[in-house]
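Enquirer: Heads up: the sequence shown is residues 35 to 429, going by the numbering used here.
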Amino acid sequence: MNAATVTRKPYTPKEAVERLRHGDLGAWPVVGALVAIAVVFGSLNEHFLSPENLTNLALQMAATGTISLGIIMVLLLGEIDLSAGSVSGLCAVVMAILSVRQGWNPILAIVVALAAGALVGLLHGIMFTKLRMPSFVVTLAGLIGWQGLLLYLLGEGGIVNLPFDGFVAKLSDTWLPAWLAWTIVALLVLTSGGSSLVNRRLRLAAELPVPPAWWAAVKIGALTAVLAGAVLVMSADRGVPLLLVIFGTLVVAFDLVLRHTAFGRWMYAVGGNVEAARRAGISVTRIRVLAFVLSSTLAAFGGILSASRLSAVNQGSGGSDILLMAIAAAVIGGTSLFGGRGRTYAALLGILVIQSITNGMFLLSVDSSVRYMVTAAVLALAVAIDSLARRGSTT
Numbered sequence: 035m036n037a038a039t040v041t042r043k044p045y046t047p048k049e050a051v052e053r054l055r056h057g058d059l060g061a062w063p064v065v066g067a068l069v070a071i072a073v074v075f076g077s078l079n080e081h082f083l084s085p086e087n088l089t090n091l092a093l094q095m096a097a098t099g100t101i102s103l104g105i106i107m108v109l110l111l112g113e114i115d116l117s118a119g120s121v122s123g124l125c126a127v128v129m130a131i132l133s134v135r136q137g138w139n140p141i142l143a144i145v146v147a148l149a150a151g152a153l154v155g156l157l158h159g160i161m162f163t164k165l166r167m168p169s170f171v172v173t174l175a176g177l178i179g180w181q182g183l184l185l186y187l188l189g190e191g192g193i194v195n196l197p198f199d200g201f202v203a204k205l206s207d208t209w210l211p212a213w214l215a216w217t218i219v220a221l222l223v224l225t226s227g228g229s230s231l232v233n234r235r236l237r238l239a240a241e242l243p244v245p246p247a248w249w250a251a252v253k254i255g256a257l258t259a260v261l262a263g264a265v266l267v268m269s270a271d272r273g274v275p276l277l278l279v280i281f282g283t284l285v286v287a288f289d290l291v292l293r294h295t296a297f298g299r300w301m302y303a304v305g306g307n308v309e310a311a312r313r314a315g316i317s318v319t320r321i322r323v324l325a326f327v328l329s330s331t332l333a334a335f336g337g338i339l340s341a342s343r344l345s346a347v348n349q350g351s352g353g354s355d356i357l358l359m360a361i362a363a364a365v366i367g368g369t370s371l372f373g374g375r376g377r378t379y380a381a382l383l384g385i386l387v388i389q390s391i392t393n394g395m396f397l398l399s400v401d402s403s404v405r406y407m408v409t410a411a412v413l414a415l416a417v418a419i420d421s422l423a424r425r426g427s428t429t
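#1: Does the CB of D355 have a neighbour CB from chain D at under 8 Å?
#2: List the DSSP bridge partners of V194.
#3: Taking only three categories from DSSP, how would you classify L332?
#4: Judging by CA-CA distance, which residue of G298, L413 and I391 is the nearest neighbour of G76?
#5: Where does L116 fall in DSSP's three states?
#6: By Cβ distance below 6 Å, which residues in the same chain neighbour M431 in space, the five residues on each side in sequence not counted?
#7: What separation, rounded to the nearest whole angstrom, lies between the Cα atoms of G199 and R293?
#8: May I ask you to report which of helix, strand or coil DSSP gives T100?
#9: Just the Cα atoms here: how many angstroms apart are R377 and A287?
#10: If I follow the unbroken alpha helix (DSSP H) through A311, where does it start and stop?
#11: Tell me whether P275 sits in a helix, a strand or coil according to DSSP, three-state version.
#12: Any idea what DSSP makes of W138, helix, strand or coil?
#13: Take L358 as the anchor and find which of D207, W213, T98 and L185 has the nearest alpha-carbon.
#14: Per DSSP, L324 forms a beta bridge with which residues?
#15: Looking at C-alpha atoms only, which residue of M161, V127, T163 and N139 is the closest neighbour of L513?
#16: So for L257, helix, strand or coil by DSSP?
#17: Taking the beta carbon of Q389 as the centre, do at least 16 other beta carbons fall within 10 Å, making it buried, or is it exposed?
#18: Have a look at the DSSP bridge pairing and note the partners of L210.
#19: Per DSSP, what kind of secondary structure is D355 in: helix, strand or coil?
#20: Could you tell me which of R299, S403, P85 and L332 sits nearest to V318, measuring between CA atoms?
#21: Mapping the DSSP letters down to three states, classify D289 as helix, strand or coil.
#22: How about the segment 87-102 and the segment 362-371: do they share at least three Cβ pairs that are nearer than 8 Å?
#23: Assuming L397 and F82 are in contact, meaning their beta carbons sit under 8 Å apart, how far apart are those beta carbons, in whole angstroms?
#24: DSSP state of M107, grouped into three classes?
#25: Quick one: what does DSSP say L415 is sitting in, helix, strand or coil?
#26: Could you give the first and the last residue of the continuous alpha helix (DSSP H) run that contains A67?
#27: Please list the terminal residues of the continuous alpha helix (DSSP H) segment that includes S169.
#28: Short check: CB of V134 to CB of V194, under 8 Å?
#29: Among G350, I114, L205 and S402, which has the Cα closest to the Cα of G191?
#30: Cα separation between G255 and G66?
#31: Could you tell me the alpha carbon to alpha carbon distance between R235 and D289, rounded to whole angstroms?
Right, here's the structure in full:
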């Protein structure tokens, strides 16, 4: 039996079970949680699964989900970014001051705000890599310091209102027409299918095992069903919100970068084993700095999306529980706190779980104290699953 025959053999059901037994659970726990949430809250309140409520849910998760996406970049290295909330608020304030008080073009103001976020991340990365300061301390100092700068920039007024008919505010009040929404669905399905096909051929060419063709077809079919269902539901209300498209585009783009580029492979390598990555010739310092730059830049973008929804920035921008929810979303979605494992889809799945719980309890008029406790329980369960999975993999 030659090598080609061996490598072209697809995964068997027994091998799939073995992967699950050794901790490779994938997104199944999160999917199961979402189904349970939909069943429970849908039965307790008929409005929960209504098109209007699901569309509002999509709007609510875009900003925090974008911040969570940035935090995943750092978590993949086994580090943490506690400054993401403050950075999101600070950069939103910078954007608002430039566009409203200084009269700048809104797009230029957004670019400058994103550049400010990137500079903050660069500073954090340099402090972490060159000064050997723990990421926890670096970003904790950033959390406090950038919040102070936010308050200083706002001054005594403490608030900057954005024009309701302005470019930034319109981001959260723009809805895609049906034909455009369906076109995006078709492009996503074709892109996903094409990516799977190319990946399959590359693995075959490299004499690596590949999953059976029917499994790829099932995944594409499931993706098509989910996307089509989402468009149908939201089209029954106001349509697909632009904020959701922006967030989804970021998730897909960074997933492609992490899975199909050298930079992505280096990220996973550094997060999995720093010393092995260094000996393999990977510039660990550069990867770490870039991770912090991406984290802060995405936090800045999330802050801008949040400001768009509120049509204002104030002293509470980037505060409250935004940071905690963003970190929780990344972990609940399946990103390992120990580094080296996770996908960008964790931000989407995790924030969907958190916002669904929040939204459902709000509809049931449940006190916020209960919401915090339930979210904490879900987070603890996610970390427990991750720890057990890691232990099983090591064993």
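Backbone N, C-alpha and C define an ideal beta-carbon position, used for all residues, glycine too.
Expert: Taking the definition as stated:
#1: Considering every chain present, this structure includes no chain D. It has just one protein chain.
#2: Locating residue 194 in the sequence shown gives position 160, counting from the first residue. DSSP, once it has assigned bridges, lists V347 as partnering V194.
#3: Taking the first residue of the sequence shown as position 1, residue 332 is located at position 298. Note: L332 maps to helix in three-state DSSP.
#4: Indexing the sequence shown from 1 puts residue 76 at position 42. Closest by alpha carbon: I391.
#5: In the sequence shown, the residue the question calls residue 116 occupies position 82. L116 falls in the coil class under three-state DSSP.
#6: Residue 431 lies beyond the stretch modelled for the chain, which goes from 35 to 429, so this question has no answer here.
#7: On the sequence shown, position 165 is the one that residue 199 refers to. On the sequence shown, position 259 is the one that residue 293 refers to. Residue identity check: residue 199 is Asp in the sequence provided, not Gly. Taking the straight line from one Cα to the other gives about 39 Å.
#8: Position 66 of the sequence shown, counting from 1, holds the residue named residue 100. Residue state, collapsed to three classes: helix.
#9: Stepping through the sequence shown from its first residue, residue 377 is reached at position 343. Stepping through the sequence shown from its first residue, residue 287 is reached at position 253. If I take the Cα positions, the gap works out to 12 Å.
#10: What you label residue 311 is simply residue 277 of the sequence shown in a count that begins at 1. Counting along the chain, the alpha helix (DSSP H) containing A311 begins and ends at V308 to R313.
#11: Taking the sequence shown and counting its residues from 1, one reaches residue 275 at position 241. Of the three classes helix, strand and coil, the one that applies to P275 here is strand, per DSSP.
#12: For the purposes of this step, residue 138 is identified with residue 104 of the sequence shown, where counting begins at 1. Coil at W138, not helix or strand.
#13: To locate residue 358, count along the sequence shown from 1; it is residue 324. For the residues D207, W213, T98 and L185, the minimum Cα distance to L358 belongs to T98.
#14: As a first step, residue 324 is located in the sequence shown; it is residue number 290 there, counting from the start. Its beta-bridge partners do not exist; DSSP assigns none.
#15: The shown model of the chain, from 35 to 429, leaves out residue 513, and the question about it has no answer.
#16: As a first step, residue 257 is located in the sequence shown; it is residue number 223 there, counting from the start. L257 falls in the helix class under three-state DSSP.
#17: Along the sequence shown, read from residue 1 onward, the residue named residue 389 stands at position 355. Flag for Q389 reads buried.
#18: For the purposes of this step, residue 210 is taken as residue 176 along the sequence shown, with counting starting at 1. Partner(s): V274.
#19: Walking along the sequence shown from the start, residue 355 turns up at place 321. Residue state, collapsed to three classes: coil.
#20: Here residue 318 refers to the residue found at position 284 of the sequence shown. With distances taken between Cα atoms, V318 lies closest to R299.
#21: Within the sequence shown, residue 289 is the residue found at index 255, counting from 1. Three-state DSSP puts D289 in a helix.
#22: yes
#23: Counted from its first residue, the sequence shown places residue 397 at position 363. Counted from its first residue, the sequence shown places residue 82 at position 48. With a Cβ gap of about 6 Å, L397 and F82 count as contacting.
#24: What you label residue 107 is simply residue 73 of the sequence shown in a count that begins at 1. Looking at M107 - three-state DSSP - the assignment turns out to be helix.
#25: Taking the sequence shown and counting its residues from 1, the one referred to as residue 415 is at position 381. Here L415 sits in helix by DSSP.
#26: As a first step, residue 67 is located in the sequence shown; it is residue number 33 there, counting from the start. It spans W62 to L78 - the alpha helix (DSSP H) in which A67 sits, taken as one unbroken run.
#27: Counting from 1 along the sequence shown, the entry for residue 169 is found at position 135. Start and end: S169 to L188.
#28: Counting from 1 along the sequence shown, the entry for residue 134 is found at position 100. Counting from 1 along the sequence shown, the entry for residue 194 is found at position 160. In contact: V134 and V194 (Cβ atoms closer than 8 Å).
#29: By 1-based counting over the sequence shown, the position of residue 191 is 157. Looking at the Cα atoms, G350 is the closest of the given residues.
#30: Position 221 of the sequence shown holds residue 255. Position 32 of the sequence shown holds residue 66. Going from the Cα of G255 to the Cα of G66 covers about 18 Å.
#31: Residue mapping note: residue 235 aligns to position 201 of the sequence shown, counting from 1. Residue mapping note: residue 289 aligns to position 255 of the sequence shown, counting from 1. If I take the Cα positions, the gap works out to 19 Å.
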